[in-house]
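Below you'll find the structure, written out as structure tokens, and then a few comments.
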Amino acid sequence: MTVGRILAAMLAALLSGAAAAAEGLADPTLPPAVPAARQARGKAPAAPPPRLEGVLLGGARRLAILDGRTVGEGERVGSWRVARIGRGEVELVGGGRKVRLRLPLPPVERR
């Protein structure tokens, strides 16, 4: 055998081994796999509700601070709609669910 053929055979063996080793590796550029249960439903899971940070009540005006945004009744925050704003609490509707968020501390009395 000539030196050229020996080098060609060694190179072929080396490359076939690298290809075989790479077969078990996942492609990092592919998107993550979608769970089978979610594919069957065809519906994405509901996003978690926003965090209630404050409630402002004054006469007929009712506002809530949700995730840093000031919103009124009927407005949307992500996939949630503000259904009702009360003293220290907010009721949200979204994804077929109704959620009541409460402030962690009792409401501040104004004198």
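In mature numbering (1 follows the signal peptide of the UniProt record, and there is no 0), the protein residues as written are -21 to -1, 1 to 90. Glycine included, C-beta positions come from ideal geometry on N, C-alpha and C.
Residues bridged to residue i (per DSSP)
| i | result |
| --- | --- |
| Val78 | Leu71 |
| Leu(-7) | Leu(-7) is not bridged to any residue. |
| residue 97 | Nothing can be reported for residue 97: it is not among the residues displayed for the chain, which extend from -21 to 90. |
CB contact flag (residue i, residue j, <8 Å)
| i | j | result |
| --- | --- | --- |
| Arg81 | Glu68 | yes |
| Ile64 | Glu54 | no |
| Gly57 | Ala26 | yes |
| Pro28 | Trp59 | yes |
| Val61 | Val50 | yes |
Cβ distance (whole Å) where residue i is taken to contact residue j below 8 Å
| i | j | result |
| --- | --- | --- |
| Leu45 | Arg30 | 7 Å |
Boundaries (first-last residue) of the beta strand (DSSP E) holding residue i
| i | result |
| --- | --- |
| Arg40 | 40 to 45 |
| Arg66 | First-last for Arg66: undefined, no H or E at that position. |
| Glu32 | 31 to 37 |
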